[in-house]
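*Asks:*
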Amino acid sequence: MVGWLKPNKAFCHQSIKFKRWKGLDDNGESVYDDSIKIDNCVVHLRTVYSGSNNDRTIVANGTVMLYKDISEPFINFSKDDIKTDESLGSQVVYEGKTYTITNVNEDIELYSNDLYGYKLSII
1 MVGWLKPNKA
11 FCHQSIKFKR
21 WKGLDDNGES
31 VYDDSIKIDN
41 CVVHLRTVYS
51 GSNNDRTIVA
61 NGTVMLYKDI
71 SEPFINFSKD
81 DIKTDESLGS
91 QVVYEGKTYT
101 ITNVNEDIEL
111 YSNDLYGYKL
121 SII
């Protein structure tokens, strides 16, 4: 059976750097793991709003799509990478600009329950 059709690797030509948030140091500054360069991903920069009319808030400035067997290296993401009141969130660097991860969506294969990829919302 066929699940989701993955894009051709040639179309996944963007690269990002990922920095996982570890916590705060003694001075209250954020501490991150060393950055990991991830090749063969897709980045869509566009503003995503929530709400309607005059009551809208920006929830993302873009999305990053990472695909198993295409994006290299394909690392695990979790809800711990999301910016919350307690966490400042992990970061993505794209074209020299730093973004914070606001949401992590796991995409699962239709017929196998295998992880297909991640969609990261960034702001």
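According to full-length UniProt numbering, the sequence shown is numbered sequentially starting from 1.
Glycine included, every Cβ here is placed at the ideal spot set by N, Cα and C.
The structure displayed is predicted, hence computed values, not measured ones.
1. Can you grab the Cα-Cα spacing for the pair I16 / N54, in whole Å?
2. Under the DSSP definition of a beta bridge, which residues are partnered with G62?
3. Tell me, to the nearest whole angstrom, how far the beta carbon of F18 is from that of S35; I am working on the premise that it is less than 8 angstroms.
4. Taking the alpha-carbon of T100 as reference, which of H13, P73, W21 and E29 has the nearest alpha-carbon?
5. Starting from the C-beta of I82, find all residues in its chain whose C-beta is less than 7 angstroms away, skip the five residues before and the five after it, and write them out in chain order.
6. Using a threshold of 8 angstroms, state whether the C-beta atoms of V43 and Y118 are closer than that.
7. Among residues of its own chain, excluding the 5 on either side of K79, which ones have a beta-carbon nearer than 8 angstroms to its beta-carbon?
8. Just to confirm the assignment, what range does the beta strand (DSSP E) spanning F18 have?
*Replies:* On the basis of the supplied data:
1. Roughly 34 angstroms between the two C-alpha positions.
2. The partner list for G62 (beta bridge, DSSP) reads L45 and I122.
3. The Cβ separation is near 7 angstroms, so the contact holds.
4. When each option's Cα is compared against that of T100, the closest is W21.
5. Within the same chain, G89, I101, T102, N103 and V104 come within 7 angstroms of I82 by CB-CB distance, once the 5 residues on both sides are set aside.
6. Annotated as distal: V43 and Y118, with beta-carbon spacing of 8 angstroms or more.
7. Closer than 8 angstroms at the Cβ level, and outside the excluded window around K79, lie V104.
8. Q14 to K19 is the span of the beta strand (DSSP E), which, as asked, contains F18.
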